[in-house]
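Remarks on the structure that follows.
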Ligand code: ATP
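Residue numbers (full-length UniProt numbering): 1 to 343.
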């Protein structure tokens, strides 16, 4: 009998609510016969916050933790000050659930127009460290608001935190084209950069089949537009990863076709999968949103749970759908049905 997995579903706001049901349907159809899913819905996001002021009540977070994985739609609303939901909900989950790998695949599908004149084959994945670096809140301010104000943001890099994400990247490379590129700025950030490089070199010895190289972050931004085919697995820290994943999303044609995962690879807590786009208030409620990225997030969830063949079914269906119908205007439901029919 197929094992049943518990999935926490946070549809969120705007188009998140419209695309997430298609991710669930794709999950079920692709995994038919190999896994079953039981869902627990969570009403979190901007609408909930505006209604009763809650962002992530402790009791609900505990229930989220008891699931095997999380599907997230999108959260956000222009009426809410930037940072409240990002810090109180998304970053809080990322830190509390120790989701130390931020995984962002970038693939240029046939039928999608890249802004690059000669994009070539683009198929790489960014493995971004998600819990350390400049984003873990180490720092402070003194004499705030005065002419003598001092503000610090400290980049935290631990050997433990770096090694676990390096290991994830090499393991992932074994399932792909077996090449890891470390991206940093080790000529200037000599302390952290040197530690990252030494850990990469050490872990690489355990993966003789995987080749690896190094690029500075500034050179990477150039190669991402001049020769994106050179990349397979890009491994980088929290800040650099934040920046290059946006650039990576742009070269493969924008937000419609990209998903991401916040992963706790030790499986101590559930990992979270989501489309990279936001709640898109401009088109919400109009059955216009493209559910493809949400459906791809379901494929990432399946890969994470070890169902690679089921995930491949989704990838193949999405690829065929985009190639044949990518340029036709369709409703959310039509795209969902078309992809589902191919799974
Ligand atoms: P956030 O800060 O939450 O990322 P944002 O406004 O910067 O929000 P999105 O909500 O992703 O970004 O919207 C950016 C633009 O892309 C909007 O014009 C939106 O309509 C469009 N868009 C986003 N997602 C989709 C989708 N799935 N299908 C069609 N259009 C989309």
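Ideal Cβ placement from N, Cα and C applies to all residues, glycine included. Because the structure is a prediction, the values reported are computed rather than measured.
Asked: C-beta contact flag for residue 343 and residue 312 at 7 Å; Found: no
Asked: Where the alpha helix (DSSP H) through residue 248 begins and ends; Found: 238-251
Asked: When 300, 288 and 282 are compared against residue 274, the one with the closest alpha-carbon; Found: 300
Asked: Ranges of the alpha helix (DSSP H) found wholly within the stretch 76-161, counting only runs of at least 4; Found: 92-96
Asked: Residue range of the unbroken beta strand (DSSP E) whose run includes residue 3; Found: 3-12
Asked: Minimum C-alpha distance to residue 97 - residue among 66, 283 and 119; Found: 66
Asked: Same chain only: Cβ atoms within 7 Å of residue 220, ignoring 5 sequence neighbours per side; Found: 183 and 244
Asked: Residue environment, residue 99, which counts as buried when at least 16 other CB atoms sit within 10 Å; Found: buried
Asked: Residue 280 in three-state terms, based on DSSP; Found: coil
Asked: Residue 184 Cβ short of 6 Å to ligand 1 heavy atom set; Found: no
Asked: Residue 224 versus residue 52 - alpha carbon distance; Found: 44 Å
Asked: CB-CB length for residue 179 against residue 210, believed under 8 Å; Found: 7 Å
Asked: From 49, 105 and 69, residue whose alpha carbon lies closest to that of residue 78; Found: 49
Asked: Rounded separation between residue 36 and residue 20 - CA only; Found: 17 Å
Asked: Exposed unless 16 or more other CB atoms sit within 10 angstroms - verdict on residue 260; Found: buried
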